[in-house]
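**Student:** Under our numbering, the first residue of the sequence shown carries the number 148, and numbering increases by one thereafter.
Cβ coordinates follow ideal geometry from the N, Cα and C atoms, glycine included.
The structure displayed is predicted, hence computed values, not measured ones.
One structure follows; several queries about it will come next.
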Amino acid sequence: MGLVLLLGACGSKEEAKETGGEASDKEPTVETIEEGKFTFGFSGLYKPFNFEDIDGNLTGFEVELGEALAKEMGLEPNPVATQDFGALIEEVNSGRLDAIMGSMTITEERSEAIDFSDPYYRSGGVVYVHESNNDIKSTDDLKGKTVGVIASSTHEESALKFITEDTLATYNSDIIALQDLAAGKGRLDAAIVDKFVGHLQIEDGMKIKPVGDRLNNEEIGAGVKKGNQQLVDEINRALAAVVENGTYDKISEKWFGENILE
């Protein structure tokens, strides 16, 4: 997933929402922007990785993993939903977040702006079409079709290998793109989204289906302010610890039924 430019119909950036967590019983191992807290951010629009439940509470794989990392670092977790994925790099570099934990793919271009931890999951984009669509059987059939993607994302880069910009539709949420696709009213012919996101929507009854295999293999890591090697090292240490003690497996199995780091 990549940097997001909000689609006009989706409105402007909303006020960030936060939830606190229980403090760790360990001593803090690293300095953070707010003493004793690990403030990590995401859009909050990316179910099942980070989103609001029906009660308005932040939840998802990355929320729970961030809480586990905070505990391992002796910090209180402080997850923040910005409602705008495109602002996350600016938020971390300006000191409003300690880390991005919002399904940001590690790329060479982004590594010029921020530093990344070791990967905490691996995935990739998949082409989805309406379940009744039998015309699109491979990426070769996407030429001239309208394809929905997250703006400025790695999925957008993938789409532009098969279509031109004039048939590209950009969104700030994969879920909204898939909803337009499933509506079957001609808004989209296809969408390229993360395989785990698309699979969950199918399980929830959305009328879409995948076409072919993953288009790429992506590694997702925590993004921190450029030059903050101490925090990168501590996140890597904490990640290795939760993998070793089985916490990562439990969180991943809960949300996906498998270990998504392997």
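1. Let's see if you can read the secondary structure: which residues bound the beta strand (DSSP E) around T186?
2. Just how far apart, CA to CA, sit E312 and N197?
3. Select from L325, K284 and L235 the residue whose C-alpha is nearest the C-alpha of M353.
4. I'd like the span of the alpha helix (DSSP H) that includes K401, first residue to last.
5. Helix, strand or coil for R269? Go by DSSP, reduced to three states.
6. Thinking C-alpha only, which one of R361, A217 and D262 is nearest K373?
7. Indicate the three-state DSSP secondary structure (helix, strand or coil) for A228 in the structure shown.
8. Starting from N363, follow the alpha helix (DSSP H) in both directions and report where the run begins and ends.
9. Sorted by chain position, which residues of the same chain lie with C-beta nearer than 8 Å to Q376's C-beta, five sequence neighbours on each side aside?
10. Just grab the DSSP bridge partners of T252 for me.
11. Give me the Cα-Cα distance between L408 and Y267, rounded to the nearest whole angstrom.
12. Spatial neighbours of S159 within its chain, please: CB distance less than 6 Å, with the 5 preceding and 5 following residues excluded, ordered by chain position.
13. State whether the segment 384-394 contacts the segment 218-231, with contact taken as three or more CB pairs (one from each stretch) at a distance under 8 Å.
14. Going by DSSP in three states, V177 sits in which element: helix, strand or coil?
15. Could you check whether I367 and S190 sit closer than 8 Å to each other, using their CB atoms as the reference points?
16. Per DSSP, what kind of secondary structure is K284 in: helix, strand or coil?
**Tutor:** Well, looking at it:
1. Position 39 of the sequence shown, counting from 1, holds the residue named residue 186. K184 to F189 is the extent of the beta strand (DSSP E) around T186.
2. Numbered from its first residue, the sequence shown carries residue 312 at position 165. Numbered from its first residue, the sequence shown carries residue 197 at position 50. Rounded to the nearest angstrom, the two C-alpha atoms are 29 Å apart.
3. Indexing the sequence shown from 1 puts residue 353 at position 206. Distances from the alpha-carbon of M353 to those of L325, K284 and L235 put L325 closest.
4. To locate residue 401, count along the sequence shown from 1; it is residue 254. K401 -> alpha helix (DSSP H) spans T394 to F403.
5. Mapped onto the sequence shown, residue 269 falls at position 122. Note: R269 maps to strand in three-state DSSP.
6. Against the sequence shown, residue 373 aligns to sequence position 226. Here the closest residue by C-alpha is D262.
7. As a working note, residue 228 is residue 81 in the sequence shown. Here A228 sits in strand by DSSP.
8. Reading the sequence shown from its first residue, position 216 is the one you call residue 363. Run containing N363: none; DSSP gives neither H nor E here.
9. Walking along the sequence shown from the start, residue 376 turns up at place 229. Contacts found: D262.
10. The residue labelled residue 252 in the question sits at position 105 within the sequence shown. BP columns for T252 point to I367.
11. One-based indexing of the sequence shown puts residue 408 at position 261. One-based indexing of the sequence shown puts residue 267 at position 120. Roughly 6 Å separates the two Cα atoms.
12. For this step, residue 159 is matched to residue 12 along the sequence shown. At S159 the pLDDT is 34, less than 50, meaning the model places this residue with poor confidence and gives no usable figure here.
13. Verdict: yes, contact present.
14. To locate residue 177, count along the sequence shown from 1; it is residue 30. DSSP places V177 in coil when its eight states are reduced to three.
15. The count along the sequence shown starts at 1 and reaches residue 190 at position 43. The count along the sequence shown starts at 1 and reaches residue 367 at position 220. No, the pair does not count as a contact, with Cβ atoms beyond the cut-off.
16. Here residue 284 is taken as the residue at index 137 of the sequence shown, counted from 1. In the structure shown, K284 sits in coil (DSSP, three-state: anything other than H, G, I, E or B).
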